[in-house]
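Residue numbers for the sequence shown follow our numbering, beginning at 339 and rising by one. First the structure, in the form of structure tokens, and then the observations on it.
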Amino acid sequence: ENRCFFVDESQSHLNKPDEHGVRHGFLPKYMETIGLPTDHPIVVKAREENRIVKREWSDFWVEMSARRAYGQKAKLPSLGFPEIEGHDLKRHLIRRMWRPHPKYRKSSCAALENTHGLKAAEYMAFSVRRGDKGEEKFAFTELLEYISEAERQLYRFSQFEQNHGGSSQVPKIFVATDDCSVMSEFRRMRPSWTFVSECDVEENSKAAAQNGFALREFKDWSEAAEDAHFTKFFTEIYAMAMSRVFIGVGYTNVSWWVYFLRPFRHSFILLDKPKGQPDSRVFDNW
């Protein structure tokens, strides 16, 4: 369509002013540039000529054809795709555009390998989201449901068991959560299992939102608390993306993001799906 795009953060709750009242943008602090910079000559000229088209999230949600849902095909020869399926297109675009700064990529890899001793596809991941989701009238999933589902998914680790002398050892479980109190609960329920989490890392003790993320509180976070929070968050995203089995809930967009970062659809389990329906009944429409 011969169009370019840029990200306008002027109305974002995450774009806090500095001590001088200047807003520098949230994304530049953590991400490599997505789209054109706001001061790019093309963007400046388009503003001057009133050629900016603002796209709302609802533009890509209401109409299924615009949502690029699973199974829908698109022809994008200019991007090298004579034909591409909707979810494959989203995965391609996310991998192309979503790149945290090297500092966070390196800290995430170091945490997974050295701090938590995780190897890709040899562990499970739980995603437990609480915080302000309760205010949005979502019912929190009982933690025992995570345990029960993990036990049902152990068959996926048969090769892992063989590599450990045929024992029925439960693999490590990485817990990504905005409420660190869940760790003691999981360990109480299954004391013989190994749960690892960024909640256990001493450096993260100063991270904001340890007892539940609430967007309205973001403006009050200190620089150090914010940086520690997102250092933890990036590690969690990568850990969930590389796990063999993901168990979480669909009411957080973190799960949506992880789904599209994972290389396959199977072993992505949603505990809050409609009763009796397969997981794909939910994420096919993402």
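Every residue gets a Cβ at the ideal spot worked out from N, C-alpha and C, and that includes glycine.
*asked:* Judging by CA-CA distance, which residue of D346, L352, P366 is the nearest neighbour of V391?
replied: It is D346 whose Cα lies nearest to the Cα of V391.
*asked:* Assuming contact is defined by CB atoms lying nearer than 8 Å, are R421 and K428 in contact in what I supplied?
replied: The identity of residue 421 in the sequence shown is Glu, whereas the question assumes Arg. Against a cut-off of 8 Å, the Cβ pair of K428 and E421 comes out as no contact.
*Would you report the Cα separation of A458 and F584, rounded to the nearest angstrom?*
For A458 and F584, the distance between alpha carbons rounds to 12 Å.
*What is the residue span of the alpha helix (DSSP H) that L599 lies within?*
Counting along the chain, the alpha helix (DSSP H) containing L599 begins and ends at 591 to 599.
_Just to confirm, is the Cβ distance from A463 to F533 under 8 Å?_
F533 sits away from A463, with the two beta carbons spaced by 8 Å or more.
*Is it the case that the Cβ atoms of L481 and V520 are separated by a distance below 8 Å?*
Yes, these two residues count as a Cβ contact at 8 Å.
*Write down the C-beta distance between M580 and S465 rounded to the nearest angstrom, noting that I regard them as a contact closer than 8 Å.*
The beta-carbon distance between M580 and S465, rounded to whole angstroms, is 13 Å. This is too long to meet the 8 Å contact definition.
*Starting from the Cα of E394, find the closest Cα among R405, F495, E489, W531 and give me that residue.*
Among R405, F495, E489, W531, the Cα nearest to that of E394 is on R405.
*What separation, rounded to the nearest whole angstrom, lies between the Cα atoms of E386 and P440?*
As the crow flies, the alpha-carbon of E386 is around 35 Å from that of P440.
_Residues near E523 by beta carbon distance below 6 Å, same chain, minus five either side_ = By the criterion of a C-beta distance shorter than 6 Å, E523 is surrounded in its chain by L481, once the five residues flanking it on both sides are discounted.
_Exposed unless 16 or more other CB atoms sit within 10 angstroms - verdict on V400_ = The residue in question, V400, is exposed, as its Cβ has fewer than 16 Cβ neighbours within 10 Å.
*Can you name the start and end residues of the beta strand (DSSP E) that I585 belongs to?*
Where I585 is concerned, the enclosing beta strand (DSSP E) stretches over 583 to 586.
*Whole-angstrom distance between F606 and R525, CA atom to CA atom*: The alpha-carbon of R525 is positioned some 23 Å away from that of F606.
*Beta carbon of K611, beta carbon of G586: below 8 Å?*
In this structure, K611 keeps its C-beta atom at 8 Å or more from the C-beta atom of G586.
*Euclidean distance between Cα positions of S486 and P379*: Using only the alpha carbons, I get a separation of about 55 Å.
*asked:* Less than 8 Å between the beta carbons of Y442 and Y493, yes or no?
replied: Against a cut-off of 8 Å, the Cβ pair of Y493 and Y442 comes out as no contact.
*Simplified DSSP state of L608, which is helix, strand or coil*: Residue state, collapsed to three classes: strand.
*Going by DSSP, what residues sit across from R525 in a beta bridge?*
DSSP lists no partner for R525.
*Pull up the CB-CB distance for R600 and E460, whole angstroms please, since I reckon it's below 8 Å.*
Contact check for R600 and E460: beta-carbon distance about 15 Å, past the 8 Å limit, so the pair fails to qualify.
*Under the three-state reduction of DSSP, which class applies to A577: helix, strand or coil?*
DSSP, reduced to helix, strand and coil, places A577 within a helical segment of the structure shown.
*In three-state DSSP terms, what is K613?*
In the three-state DSSP reduction, K613 falls in the coil class, being neither helix nor strand.
_Three-state class that DSSP yields for E421 in the structure shown_ = In this structure, DSSP gives E421 an extended state, which the three-state scheme calls strand.
*Hey, could you find the ends of the alpha helix (DSSP H) S535 is sitting in?*
Run containing S535: none in the alpha helix (DSSP H); it sits in the beta strand (DSSP E), 533 to 535.
*Member of P415, F598, Q615 whose CA lies at the smallest distance from the CA of I432*: Checking every option, the nearest Cα to that of I432 belongs to F598.
*asked:* Ignoring anything shorter than 3 residues, give me the beta strand (DSSP E) runs that lie fully in the region 408 to 495, in order along the chain.
replied: Taken in chain order, the unbroken stretches of beta strand (DSSP E) that lie wholly in the region 408 to 495 and span 3 residues or more are 411 to 414, 419 to 423, 462 to 466.
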